[in-house]
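For any residue, its number in our numbering is found by taking its place in the sequence shown, counting from 1, and adding 3.
Ideal Cβ positions, reconstructed from N, Cα and C, are used throughout, including at glycine.
What follows is a short report on a single structure.
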Amino acid sequence: MPPTPATPEATAELAPAANEPANAAGDEALPSAAIEAFADDPDFVTALARGLAVLMTLSDKRRHMSIAQVSHRTGIPRAAARRSLHTLAKLGFAAADDARRFYLRPRVLSLSHAYLSASPLVVVAQPILDRLGESLQAACSLGILDDDEIVYLARSTSSRIMSPTLNVGRRLPAYCTSIGHALLAHVPQDELDAYLRRVRFQPFTAHTPTSAQALLPYLDAVRESGYAFASQLMEPHLCTLAVPVRDTGGHYVAGINLILQGRPLARAEMAERYYQPLLQAAMDLGASLLP
Numbered sequence: 004m005p006p007t008p009a010t011p012e013a014t015a016e017l018a019p020a021a022n023e024p025a026n027a028a029g030d031e032a033l034p035s036a037a038i039e040a041f042a043d044d045p046d047f048v049t050a051l052a053r054g055l056a057v058l059m060t061l062s063d064k065r066r067h068m069s070i071a072q073v074s075h076r077t078g079i080p081r082a083a084a085r086r087s088l089h090t091l092a093k094l095g096f097a098a099a100d101d102a103r104r105f106y107l108r109p110r111v112l113s114l115s116h117a118y119l120s121a122s123p124l125v126v127v128a129q130p131i132l133d134r135l136g137e138s139l140q141a142a143c144s145l146g147i148l149d150d151d152e153i154v155y156l157a158r159s160t161s162s163r164i165m166s167p168t169l170n171v172g173r174r175l176p177a178y179c180t181s182i183g184h185a186l187l188a189h190v191p192q193d194e195l196d197a198y199l200r201r202v203r204f205q206p207f208t209a210h211t212p213t214s215a216q217a218l219l220p221y222l223d224a225v226r227e228s229g230y231a232f233a234s235q236l237m238e239p240h241l242c243t244l245a246v247p248v249r250d251t252g253g254h255y256v257a258g259i260n261l262i263l264q265g266r267p268l269a270r271a272e273m274a275e276r277y278y279q280p281l282l283q284a285a286m287d288l289g290a291s292l293l294p
């Protein structure tokens, strides 16, 4: 018998969220593909990897998701996704509403807190970010490059930026963020070439670089000027300026940025106002970080 056509309800259930790029669901690499790459490793625990993929999917979408949606977003078989969600719920990391849509519970914060409270980078950076944000009356953040994304590790306590994409713990593509540009510009050439071959560009705005050819001029500008400027690459009306942080061994370990929301400034004006204070903060932080 021919397959039964998908119902409108099922199609809607599997549709991408409204804040995702239109082609994200089709072009984005599924977690299941990364898990399958370790199929020949006898010590690799597939069930654990699937559980973590499900956890990250719930975190990334920031909404209640059905078993079918989790399976679709991860590429994990529906039965395995159901078992992972059941286990996460039993352990207190997730719960389900009356419609059997799953969401995260506060217990997941214990995972990130363990990392943040033990990281010398975060502990040393927080007072520096607070002073910088207070003196400039602007939001300032610390981020690192983790695989192909940046992760925000700290924000100034005086931050007035309301965008949820800039919260601590949030992961964003490196190619459309100022911290990403500031750090990608200084990775070894072979690593940069590998990144450009595997990254899947998505157009978050009309200004987002969507190819290696479009990204490279941004990185060249970082090497020439010492800072990265990103205007409306991730969100409309959001512009940022970032500088890299180097530890005492000269290694690029993080980036600090300043975020303005509302009326984007031109590159020259942004740099004239904020580059020197950002650079000094990065130097102060780097001087306290051992290789």
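Remark: three or more beta-carbon pairs, one from each stretch, lie closer than 8 angstroms, so the region 172 to 191 and the region 237 to 255 are flagged as touching. Out of Asp46, His67, Pro45 and Ala97, the CA that lies nearest to the CA of Leu55 is found in Ala97. Residue ranges of uninterrupted alpha helix (DSSP H) with 4 or more members, entirely inside the region 41 to 76 and ordered along the chain, are 49 to 64.
Distance from Pro220 to Thr213 at the Cβ level is roughly 13 angstroms; contact not present, criterion being Cβ atoms closer than 8 angstroms.
The alpha carbon of Arg104 has as its nearest neighbour, out of Ala71, Thr49 and Gln279, the alpha carbon of Ala71. Contact between Leu241 and Tyr278 fails: their C-beta atoms lie close to 18 angstroms from each other, not under 8 angstroms. The three-state reading of DSSP puts Thr243 in strand, counting E and B together. Of the residues Met273, Leu135, Gly265 and Leu58, the one whose Cα lies closest to the Cα of Met286 is Leu135. Secondary structure remark: continuous beta strand (DSSP E) runs of at least 3 residues inside the region 216 to 273, in chain order: 231 to 234, 241 to 249 and 255 to 264.
Between the alpha carbons of Val127 and His116 lies a distance of about 16 angstroms. Annotation: Phe204 to Lys93 spans about 37 angstroms, alpha carbon to alpha carbon. Counting only unbroken stretches of 4 or more residues, the alpha helix (DSSP H) elements lying wholly within the region 80 to 116 are 81 to 93, in sequence order. One thing to note: Asp133 has its Cβ within 8 angstroms of the Cβ of Thr160.
Beta-bridge pairing by DSSP links Leu175 to Ile153. Residue environment: Phe47 is assigned as exposed (fewer than 16 neighbouring CB atoms within 10 Å of its CB, all protein chains considered).
Secondary structure of Ser159 (DSSP, three-state): coil. Here the alpha carbons of Ile182 and Pro294 stand approximately 20 angstroms from one another. Under DSSP, the beta-bridge partners assigned to Ser144 are Arg158 and Asn260. Pairwise C-beta distances place the region 71 to 81 in contact with the region 34 to 42, as three or more of them are shorter than 8 angstroms.
The residues Ile38, in chain order, have a CB closer than 6 angstroms to that of Ala52 in the same chain once the five nearest residues on each side in sequence are set aside. The beta carbon of Glu152 sits closer than 7 angstroms to those of Arg174, Leu175, Pro176 and Ala177, all from its chain and outside the five residues before and after it, given in chain order. For Arg134, the enclosing alpha helix (DSSP H) covers residues Pro123 to Leu139.
Check the Cα spacing between Leu91 and each of Ser291, Ser120, Leu222 and Leu61: the tightest is with Leu61. When only Cα atoms are considered, Ser234 and Pro267 end up about 7 angstroms apart.
In the structure shown, the three-state DSSP call for Arg200 is helix. Beta-carbon to beta-carbon, Ala290 and Ile259 are separated by about 14 angstroms, too far to satisfy the 8 angstroms threshold. Boundaries of the alpha helix (DSSP H) around Pro34: Pro34 to Glu39.
Measuring C-alpha to C-alpha distances from Ser87 to each of Ile147, Leu199, Val57 and Leu112 identifies Val57 as the nearest. For His184, the enclosing alpha helix (DSSP H) has its first and last residue at Ser181 to Leu187.
Counting only residues of its own chain and dropping the five nearest sequence neighbours on each side, Leu263 has a CB closer than 6 angstroms to the CB of Cys242.
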